[in-house]
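Enquirer: Here you go, one structure.
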Amino acid sequence: MERRLFSTEGRFVMQDRLWMKMRGMLLRSYGKLTAMHHRLWITLLATSLISFSCSRTEKDAPFQGFTTPANFPAPVYDLARNPVTSAGFELGRQLFYEPRLSRNNTISCGDCHLQTSAFTHHGHDVSHGIDDRLGSRNAPPIMNLAWHPSYMLDGGIFDLDLQPIAPITNPVEMDETMENVLQKLRGMPAYTRLFEKAFGTPEITTARFNKAMAQFMVMVVSNHSKYDEVMRHNGAGFSPEEAAGYEVFKQQCNSCHREPLFSDFSFRNNGIGAGPNDDKGRYEITLNPADAYKFKVPSLRNLGFTAPYMHDGRFRTLEGVLGHYEKEIQPMATLDPLLKEGVHLSPTDKKNLLAFLQTLNDTSFITDRRFAEQP
Amino acid sequence: MNRIYIVLLTVVFIFSACSRKETVEPAGNGQLATLSVQFDNIVGAKNLQLNTGVYVNATGETFRISLLQYYISNISVQDANGKAYTVPQDSSYFLVSEENAASQFVKVRVPEGDYQRLTFTLGVDSLRNTMDISKRTGVLDPSTGMDNGMYWSWNSGYIFFKMEGASDAAPADPSGQHKFRYHIGGFGGYSAPTINNIKTITIDLRPAGVAKVRSGREANVHLLVDVMQVFNGRTKVSIAQNPTVMFSNFSTGIADNYAEMFTHDHTEN
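Structure representation (structure tokens):
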């Protein structure tokens, strides 16, 4: 019987031990067969339950690689340049949760990108990194990144393979050098083994490090929201409220938060006004005055898990966000033309829209064990 | 008789050794040989001495230099017939650092020949700035060969030219130091156009000596790189007014200035 539940050796051993324990329990139960009928049945039942749950986890094993969901367009990320393999994905995941990426080995990517919050830093307007230093922007979700033409809220990074270097070297995030990170990993036989499995030889290079991280990140796909099931005609249907909200969405929101990824990935000024730190967003990258105060349109997927909202996390609730679009848009030179008149919503529209937006939450995404830190 | 032969042989030997030094054989048929280009950093009338040398710019500000690094890439040479040879890209990226004497000799392989013109890029071309990370090896690897950080991770791209130093003219920074920091880059933008500080420099080698590249010897083109130009070029740069210049519109003025740093002093053939 195949008992290889996970791929790395430590976990393999642990599962083995669990199996031995279960077998021991069974054998002991048989020994007491005649004397203790009741306890036997209870034990047997419990054992079968445990083994049933184990066999279920065994079934999620076959590695699919990267697949494009039926209702999604083709990805932007060039997968031919970095084909996702089981070993590459697992190495990337290990690195994603590796605190050695930070100067004092305290902060991992997963610290500010929590799976339970759809890989954002729930409850933090801006994130705190190493030594509790504060950043200036709200941590964006690691989600459906294969469809992004650029990364970061200002689009300063144009290739996912280059993205990990930014938080690692940022003094308020991980404050480490790439050179040190690679040195630390090279000193760990567990990593040289993982790199060998993923790339054929044990060398740990900048390119391999980043490619493995990219393999993990492109796999982190959210496409099992109620909205997706409805769109794929899987028997699910919107409630009347949600259906009405979808109509409102298509009229009022879809031009920027375009389906099915719920962003057109453009940079826009949505009129929230300059923050206290006067973050000019996209302008910092292009130095084009027309780009001042523009930020990348965020996806609305999983918005139930990702509060607070906006590039600096200034809105705590979705009601606050809708309130802004209704009556708080500030006239600025680079304000998006689509927002000049504001967004007009009746109380019913608003209620329905909020109901629809909640259909974008994907609970299976935030509980998917493939994306979690492995024990 | 024997002694005559020995004397004759010695004379011939000495003579032939002399002739090798004075005239260079005609070029062979396309065989590759080493061409060395020396980047000798100076500050106006003085040699550059990190941390200890004291200099005064046109604005009258006294300064010292603690760090100087820049990329030299895409080297090509041209002979008297106008025939050009471009060094293959994969072996045409160099990081010149004042701290590292060996880095100041950029060595490339070009076909044997007499070269009248030398062309190179100060910086890293846009193609290499946007290339797959697996092609970013050696001095372009964001992890190695650039101890002082020649890469912007937040705005993907290389820093082409980096000069830092101390000057009383600079206002105190948050750490209390009076420093100037010039980190100049910008390859023109990936999806939206922005500043382009890539500079192509062409030098006529004829006045100070053409490079005669032959197998078995190493022609060295000795360039003087006057970093005073960074302050005193067409755009006058005041440390007091611009203590920190990084990714900003003002950086284009500094880049125009650094394009004028290079003069050909002589060639050792």
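From first to last, the protein sequence lines stand for chains A and B.
Under the working numbering, think of the first position of the first sequence as 13, with each following residue one higher.
Under the working numbering, think of the first position of the second sequence as 351, with each following residue one higher.
Ideal Cβ positions, reconstructed from N, Cα and C, are used throughout, including at glycine.
1. Taking a Cβ distance cut-off of 7 Å, strictly less, list which residues of the segment 532–557 of chain B are near chain A, in chain order.
2. Taking 8 Å as the CB-CB cut-off, is A:Gly-104 touching chain B?
3. Is A:Ala-219 close to chain B? Criterion is C-beta to C-beta, closer than 8 Å.
4. What are the start and end residues of the beta strand (DSSP E) that includes B:Lys-457?
5. In its own chain, which residues sit with a C-beta less than 6 Å from the C-beta of B:Lys-562, not counting the 5 before and 5 after it?
6. Less than 8 Å separating the beta-carbons of B:Thr-471 and B:Ser-423?
7. Shortest alpha-carbon distance to A:Val-232 belongs to which of A:Gly-168, A:Asn-364 and A:Arg-105?
8. For A:Ile-378, collect the residues of the same chain with a Cβ closer than 8 Å to its Cβ; drop the 5 residues on either side in sequence, then sort them by chain order.
9. Name the chain B residues that come within less than 7 Å of A:Met-190, Cβ to Cβ?
10. Note down the Cα distance separating A:Asn-281 from A:Val-333, rounded to an integer number of angstroms.
11. Within 10 Å of its beta-carbon, does A:Glu-338 have 16 or more other beta-carbons around it, so buried, or fewer, so exposed?
12. Applying a beta-carbon distance threshold of less than 7 Å, which residues of chain A neighbour B:Asn-505?
13. Does A:Thr-371 come within less than 8 Å of chain B when only Cβ atoms are used?
14. So what's A:Met-243 in DSSP terms, helix, strand or just coil?
15. Would you mind working out which of B:Gln-591, B:Val-575 and B:Ile-534 sits nearest B:Glu-448, comparing C-alpha positions?
16. Any Cβ of chain A within less than 8 Å of the Cβ of B:Thr-480?
17. Tell me, which residues are paired with B:Ile-551 by DSSP?
18. What does DSSP give as the partner residues of B:Asn-391 in its beta bridges?
19. For B:Ala-452, does the count of other Cβ atoms within 10 angstroms reach 16, so buried, or fall short, so exposed?
20. For B:Glu-411, does the count of other Cβ atoms within 10 angstroms reach 16, so buried, or fall short, so exposed?
21. How big is the Cα-Cα spacing for B:Val-595 and B:Leu-417?
22. Looking at chain B, which residues of the segment 196–225 of chain A have a Cβ within less than 9 Å of any of its Cβ atoms?
23. Excluding sequence positions up to five away, which residues of its chain have a Cβ less than 6 Å from the Cβ of A:Gly-77?
24. Output, in sequence order along the chain, the residues in the segment 404–417 of chain B whose CB is closer than 7 Å to any CB in chain A.
25. Any Cβ of chain A within less than 8 Å of the Cβ of B:Cys-368?
26. Taking a Cβ distance cut-off of 8 Å, strictly less, list which residues of the segment 124–147 of chain A are near chain B, in chain order.
27. Would A:Arg-220 be called buried (16 or more neighbouring beta carbons within 10 Å of its own) or exposed?
28. Using the Cβ count rule (16 or more neighbours within 10 Å means buried), how would you classify A:Glu-254?
29. Taking the runs of the beta strand (DSSP E) that are 3 residues or longer, which of them lie wholly in the segment 190–255 of chain A?
30. Let me check one thing: in DSSP terms, what residues is B:Val-427 bridge-paired to?
31. Do the segment 528–535 of chain B and the segment 502–512 of chain B make contact, defined as three or more Cβ pairs closer than 8 Å?
32. Under 7 Å from any heavy atom of the ligand GDP, does the C-beta of B:Val-393 make it?
33. Residues of chain A with CB under 8 Å from B:Ser-484, in chain order?
34. Between B:Asn-599 and chain A, is there a C-beta pair that is closer than 8 Å?
35. What separation, rounded to the nearest whole angstrom, lies between the Cα atoms of B:Tyr-420 and B:Val-437?
36. Between which two residues does the alpha helix (DSSP H) carrying A:Leu-369 extend?
Expert: The answer reads as follows:
1. Gly-539, Tyr-540, Ser-541, Ala-542, Thr-544 and Ile-545
2. no
3. yes
4. 455–461
5. Val-374, Asp-464, Ala-569 and Asn-619
6. yes
7. A:Arg-105
8. Gln-127, Thr-128, Ser-129, Ala-130, Asn-314 and Phe-317
9. Pro-492 and Ser-493
10. 14 Å
11. exposed
12. Gly-168 and Ile-297
13. no
14. helix
15. B:Val-575
16. yes
17. B:Phe-470
18. B:Val-575
19. exposed
20. buried
21. 15 Å
22. Thr-217, Thr-218, Ala-219, Arg-220, Phe-221, Asn-222 and Lys-223
23. Val-96
24. none
25. Its pLDDT being 43, under 50, B:Cys-368 is placed unreliably by the model, and the measurement read from it follows with that caveat. Judged by the 8 Å Cβ criterion, B:Cys-368 is not in contact with chain A.
26. none
27. buried
28. buried
29. none
30. B:Tyr-435 and B:Leu-468
31. yes
32. Because no ligand of any kind appears in the structure shown, any question about the ligand GDP cannot be addressed here.
33. Ala-219 and Lys-223
34. yes
35. 19 Å
36. 359–369
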